[in-house]
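Sequences listed follow chains G and A, in order.
With my numbering, letter number 15 in the first sequence gets -4, and the count goes up by one each step, no holes.
With my numbering, letter number 4 in the second sequence gets 58, and the count goes up by one each step, no holes.
From the three backbone atoms N, C-alpha and C, an ideal C-beta is built for every residue, glycine too.
Since the model is a prediction, treat every value here as computed from it, not as a measurement.
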Amino acid sequence: MLEARLPQASILKKIVESVKDLVSQANFDCSDSGISFQAMDESNIALSSFLLRADGFDPYRCDRNLSLGIKFASLSKILKCAGNDDVVIIRYMDDADILSLVFESPNNERISEFDIKLLDIDSEYLSIPDQEFECKVKMSSSEFSRICRDLMTIGASVVIDATKEGVKFSATGDDGSGSVLLKQSGSIDNEGRGVVGTSVEMVEPVSLELSLKYLNNFTKAAPLSDSVAINMSNGIPVMFQFDVGDIGYIRYFLAPQIKD
Amino acid sequence: MSKQATLSSFFAKP
């Protein structure tokens, strides 16, 4: 059986919102180390994954490895019934075909329970090589969202150039072109509001062209984290990582656009 | 012109 109690429903709500438009259904893999998932979009261009470590739940119990097939649209609808500050208890009894979600209000006066039908999904796992990236950019996630949104008005793809100076996002379209350069900075704590600066750690400069449609989908994870890590090497898929507090992360891998 | 690559050309299917 699985029983996992997450103190804040908002975390699960945000995770589901940030993958549901990329992936329609996927297996949630549960083990004694936590709950994870990995799935590609239909066109094989983007891979979404997340991990919530067992210590992020209190308590967490998973007796054996489970693969629970879930339709994101259904899960998203059910999670809309949970308050942001509700506690969520995820419960699965062995050999059942449903997953139970219990929402408890903070004062424990309202307890709602929903069951979601599980699917039998034959998912294809890709093994992602454990690689060192040539360049690691860390920047504000809200700034990343703004840049992707702004450049979408110009073109369908963005070129990300990372150098020691900083990171530059450029787009070109039929009506013109645009670019945003973020210079490398320290983390500036703006009156305690924790404004995240931009940092670039690199072995060599990287330049990659990526589809803005996908990047705009990835920005749905921005509410989970103040910062986003963009890990890049020339000519291979980019990894975007949004940390979920210190209990896990959401990662997106995106295949680049390559010159003919 | 650029062409969109797919992930399966980079990541192996076990």
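Sequence-distant residues of its chain with Cβ nearer than 7 Å to residue i (five each side left out)
i	result
Cys249 of chain G	Because chain G here runs from -18 to 241, residue 249 of chain G falls outside it and cannot be looked at.
Ser122 of chain G	Ala203, Ser206, Asp207, Ser208, Val209, Phe223
Gly157 of chain G	Ile135
Sequence-distant residues of the same chain with beta carbon closer than 6 Å to residue i, five excluded per side
i	result
Asn171 of chain G	Residue confidence is low: Asn171 of chain G scores 49 on pLDDT, short of 50, so the model does not pin down where it sits. No coordinate-derived value is stated.
Thr153 of chain G	Gly136
Arg72 of chain G	Glu(-16), Ser81
Thr200 of chain G	Ser126, Cys129
Leu196 of chain G	Cys129
Phe234 of chain G	Leu28, Pro218, Met220
Rounded distance between the beta-carbons of residue j and residue i, thought under 8 Å
i	j	result
Ile141 of chain G	Leu189 of chain G	5 Å
Val187 of chain G	Ser214 of chain G	6 Å
Val148 of chain G	Met120 of chain G	7 Å
Residue i burial status per 10 Å Cβ neighbour count (16 or more: buried)
i	result
Lys67 of chain A	exposed
Met21 of chain G	buried
Cys116 of chain G	buried
Ser24 of chain G	exposed
Arg130 of chain G	exposed
Ser5 of chain G	exposed
Arg91 of chain G	exposed
Ser63 of chain A	exposed
Lys(-6) of chain G	buried
Val118 of chain G	buried
Contacting residues, own chain, Cβ-Cβ under 8 Å from residue i (five flanking each side not counted)
i	result
Tyr230 of chain G	Phe31, Leu32, Gln222, Phe223, Asp224
Leu193 of chain G	Cys129, Leu132, Met133, Gly136, Ala137, Ser138, Val139, Ala152
Asn46 of chain G	Asp10, Cys11, Ser12
Task: Segments assigned beta strand (DSSP E), at least 3 residues, entirely inside the stretch 77 to 112 of chain G - done: 79 to 85, 92 to 98
- [ ] Could you please tell me which residues of the stretch 14 to 33 of chain G, in chain order, have their CB closer than 8 Å to any CB of chain A?
- [x] Here the close residues are Met21, Ser24, Asn25, Ile26, Ala27, Leu28.
Task: Near-chain A residues of the stretch 131 to 162 of chain G (beta-carbon distance less than 8 Å), N- to C-terminal order - done: Ser138
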